Every structure is written in C-alpha cells, then in structure tokens.
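Residue numbers for the sequence shown follow the working numbering, so the first one is 174 and each next one is one higher. Glycine included, each C-beta is placed from N, C-alpha and C at the ideal position. Since the model is a prediction, treat every value here as computed from it, not as a measurement. Here is the structure we will look at, set down as structure tokens.
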Amino acid sequence: MKAMYENALKRIDRIPPDGLKQIIKNLSAENSIYEAALNSTLDGIVVCDLEHKPLFINRSAEKIFRLVSWTQEFALWEQLNDDNLADFFRKALIADENVLNREISLNRPGGTRIIGINISALLSDGKISGNLIHLEDITDRRRREAQLRRAESLAALTTLAAGVAHEIKNPLASIRIQLGIIRRILEKNCSKKTESIFHNISLVEQEIDRLNSIVVDFLFAVRPMDITLILDRAEEVVDEVVELMSHEAEDQHIRIVTKIEPDLPDVMIDRKNLKQALLNIVKNAIAAMPDGGVLTISVSVKNDELQIAVSDTGIGIPEELMAKIFEPYFTTKESGTGLGLTITFKIVKEHNGEITVESTPSKGSTFTIHLPLPQPEQKSLPPWEDGVKVEGSHMEE
Ligand SMILES: Nc1ncnc2c1ncn2[C@@H]1O[C@H](COP(=O)(O)OP(=O)(O)O)[C@@H](O)[C@H]1O
Ligand SMILES: [Mg+2]
C-alpha cells in the first residue's frame, strides 16, 4: 500500500483531479481503520513527536489519563491533570530512555487504579521520530494475583496444620492405650488409696477423647475429600447410623423413630461419607435433647429429590445463630469442635445435594439432606461404570 502511495506522490502533477480524489478517499478509509483499531483496544496508546507533543492519544489512554481534550501544541506532561503522572512523563520523556513495565498508582473515584507503563522509541524508516507510550490498567490482574497468593499460602498453611494434627493422633492413641493398662494394673491392686485415682483417669480419658475428636474433625474438614458416588440405597445408611447411635440415645432417654418410605429409588452416594454426614447431624440432635425426647429420621421422595430428614424435640436454634451453624469452629458447646456441620455441609455438596434447617427454640430442629434423584442415563449405567470420582476440594476460605 505504502509503495503505491509513494508512486502516486512521484507523479502527482500528472494525476487528474478525479484520480487524486480517489487516492485521498482511499487514504482516509485506511486511516479510519487504523484509528478504529487503535481506539478499540483496551490498552492505552500514545504517540509523541520528538518534542514530546502528542500526535495521537487513543480512547483508552484518554480514559486512563482522564483527558477531556488535548492538543498537539504542548508537551504531553503539560496537559495531564495529575501531578504525579505529569512529573513521571516529564522525566521519562526528557531522559529519552526506554521505560519497561513501570507501575504507577492513580487515585480514582472508585479506588486506586494501578497502571502499567511502557515507553519505547517510535521508529519510522529506521529513524527515531518520537515515542510510543503503552498504558495498561493492571489493577484487576494485580488483585487476582494477590488473591491467588493468599489462597496458595492458605493451602500451604492448611497442609502444615493437617500434618501437625496427623502427628498428634498417633501419640494420643498410645497415651490412651497406656492409660488403659494403668487402669487395669490399679484395678488388680485396688485399695482405699487408689480409688480416687480412677476418677482422675476417667477425666484424663475424657480429655484425650476430646482432643482426638478435635484432631479427627479438623483433618476431615481440611483434607481434600475422596468421594466416589455410586448408585446405592441411602436408607441403608440411615439404618447403620441408627444402629450405631441407639445405645447413646437410650442412655439419654431418647426414642429413635424411623419412617422410611417403601420402594425408594437408589441415589448417587458415597456410603462412608454420607454416613459421616448423617452421624454428625444425629449426634447434634442427641446433644440437643439433654433431658430426653424423640429423634425422628424419615426418608422420602419429594420434588425429584430423596430427602433424609432428622428431627429432634430439643433446645432448638435461635434465629440469630442460624446463619452461623455451618461455619467452621462455630459451636455453642463447652467441648464442641464446631466442625461437625462444616463437614456435613461439605459432604452433602460433594453429593450435589443441599442441606436445609428448620428450628423453633425450645421445640426442636429438623435438618434435611436433599439428594438429587439420578437422571435416566445414570440409572442405565452398568454398576462398574457408574462410579463418579469427585476430585477433592479444599475448604472454602
Ligand atoms: N439439632 C440441633 N439443635 C440445636 N442446636 C444445634 C443442632 N445442631 C447443631 N446445632 C448448633 O450448631 C452448632 C454447630 O454444630 P457442629 O458444627 O456440629 O459443632 P459442635 O457439635 O461441635 O458444636 C452447635 O454447637 C449447636 O449450637
Ligand atoms: Mg456436632
């Protein structure tokens, strides 16, 4: 294109007016394309001549500089309304050196913006004819990088904490065993003097169990979850949980009632993890009824979901605490870890399910796990293919 215009320039005297008109039209059309392209890019672009006067400032640069108007008559820095920015460009352009990846913070109404600046020589026909300034608003990128760094250091910290928690578990188990041995030796040589020691041993055992449940819950909450969903009978998991908790319930004068709808469909579950999720809810329900009561677990199909509802006739949850109960470490119990419902929530989410709570203080609470019913294509999968491996995720920040 350029050669064509140079040719035309050489024989300009011989070009008829119509021809000239056409050439100018072409030139103008071409110019509009370049201008449109430069104005459409999100990067700011400024071209200055050798005297540092702007020849061109694209829309994005106008926006970054907050320039309402500009002229080719004065140096760029004389037209900038921010003192820091003006000072920077005056020094940089006069020094006549390339500037690479300089960052400048600008105070803007919505908050500070970080602008990345590059200045290079503008070369045309092998000669330096001015400067090319490239501006980029890197605020969001910097913010994302900072977020990523925070997430990475949190993940590293979690791994470290999980490592420590894991290391605590083994000595704790051996302390528990040794204590059992001491108890048995003392039982053989029981006398009036040793009687009170049993009480102390029980206290130590209780504390060890508490420490152990903190460590176990913590590890469960922070470790990536290893969940494999397969089509299985959720109601059997309910039966297992009821059997596991029946003694504890009986001791606390709690009657367990199960209402399981007949002919329930199989759903995509991971038995071990769903059991843990349900166990945490049932343990809470039992703890909510210190003077006894009724624990009702019902399994039914409603609105395209399998619902497992656990109701207690216990103390209930005050309205203002409702939003907090799933938060890690939130507990109202003297020896609670506040991780039970966090873990339950995480497991239910990994099942693509939901958990809802209804509660009336001093009447009782109902926790419901909603599991999606399998889609028709899942139902038809042969048993060895319907395992869905879910990659574990870390606990939310
Ligand atoms: N069935 C329930 N009835 C009353 N309060 C409950 C019930 N389930 C949970 N909560 C409240 O939610 C809190 C958090 O429960 P959870 O995460 O299991 O931790 P923890 O049991 O260690 O306290 C409990 O301390 C309690 O205040
Ligand atoms: Mg709990």
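Looking only at its chain, what residues have a beta carbon closer than 7 Å to the beta carbon of residue i, apart from the 5 residues adjacent to it on each side?
| i | result |
| --- | --- |
| Asn343 | none |
| Ile287 | Glu276, Ser278, Ile311, Thr312, Arg315 |
| Glu564 | Note that Glu564 has pLDDT 42, beneath the 50 cutoff, so the model's placement of it is unreliable and no number is given. |
| Ala265 | Val272, Ile292 |
Excluding the five sequence neighbours on either side, which residues of its own chain have a C-beta within less than 8 Å of the C-beta of residue i, listed in chain order?
| i | result |
| --- | --- |
| Pro189 | none |
| Ala394 | Pro501, Leu512, Thr515, Ile516, Lys519, Met568 |
| Lys198 | none |
| Val410 | Ile442, Arg444, Leu447, Lys448, Leu451 |
| Ser381 | Per the sequence shown, residue 381 should be read as Ile rather than Ser. For Ile381, where only same-chain residues beyond five positions count, the Cβ hits under 8 Å are Leu345, Ile348, Arg349, Leu352. |
| Thr505 | Leu494 |
| Ile652 | With the chain represented from 174 up to 570, any question about residue 652 goes unanswered, as that position is not in the structure. |
| Asn362 | none |
Secondary structure at residue i, three-state DSSP: helix, strand or coil?
| i | result |
| --- | --- |
| Val241 | coil |
| Phe540 | strand |
| Gln480 | strand |
| Ala248 | coil |
| Leu295 | strand |
| Ser471 | strand |
| Ser364 | coil |
| Ile500 | Rather than Ile, the amino acid found at residue 500 in this sequence is Glu. Coil, per DSSP. |
| Ser302 | strand |
| Pro545 | strand |
| Arg275 | strand |
| Asn254 | coil |
| His307 | strand |
| Pro190 | helix |
| Ser508 | coil |
| Thr529 | strand |
| Thr331 | helix |
| Gly284 | strand |
| Lys175 | helix |
| Ile290 | strand |
| Gly582 | The chain is shown from 174 up to 570; residue 582 falls before or after that span and cannot be answered. |
Nearest to residue i by CA position, among the options, is which residue?
| i | options | result |
| --- | --- | --- |
| Val467 | Leu452, Glu423, Met441 | Glu423 |
| Leu494 | Gly487, Gln252, Phe503 | Phe503 |
| Ser508 | His426, Asp390, Ile354, Ala496 | Asp390 |
| Thr533 | Asp256, His225, Thr486, Thr469 | Thr486 |
| His339 | Lys497, Ala234, Ser386 | Ser386 |
| Pro491 | Ser538, Leu546, Ile374 | Ser538 |
| Lys536 | Ser484, Leu215, Gly192 | Ser484 |
| Ser571 | Asn254, Phe540, Pro549, Phe499 | The question about residue 571 has no answer, for the chain in this structure spans 174 to 570. |
| Leu249 | Ile306, Leu333, Gly284, Val414 | Ile306 |
| Glu413 | Pro435, Lys448, Val430 | Lys448 |
| Asp256 | Asp269, Ala209, Arg239 | Arg239 |
| Val455 | Val474, Glu478, Glu416 | Glu416 |
| Pro549 | Glu531, Pro438, Asn291, Glu378 | Pro438 |
| Ala335 | Leu392, Tyr178, Ser364 | Leu392 |
| Val388 | Thr367, Leu376, Ile341 | Ile341 |
Looking only at its own chain, which residues have a Cβ that is under 6 Å from the Cβ of residue i, when we skip the five neighbours before and after it?
| i | result |
| --- | --- |
| Asn231 | Leu211, Asn212, Ile218 |
| Gly303 | Cys221, Asp222, Leu223, Leu295 |
| Phe229 | Val220 |
| Asn446 | Ile400, Ile520 |
| Arg356 | Ile374 |
| Phe262 | Leu249, Trp250 |
| Met418 | Val455 |
| Ile429 | Val415, Ala422, Leu468 |
Minimum length 3: unbroken beta strand (DSSP E) runs contained in the segment 427-463: 427-433, 440-442
Three-pair Cβ contact test at 8 Å for the segment 454-466 versus the segment 386-400: no
Sequence ranges, alpha helix (DSSP H) only - wholly within the segment 344-411, length at least 4: 365-395
Every unbroken alpha helix (DSSP H) within the segment 177-231, with a cutoff of 4 residues, ordered by chain: For secondary structure counted as the alpha helix (DSSP H) over 4 or more consecutive residues, the segment 177-231 holds these complete runs in sequence order: 190-213.
Closer than 5 Å: residues whose CB approaches a heavy atom of ligand 4: Ligands present in the displayed structure are limited to ligand 1 and ligand 2, and ligand 4 is not among them.
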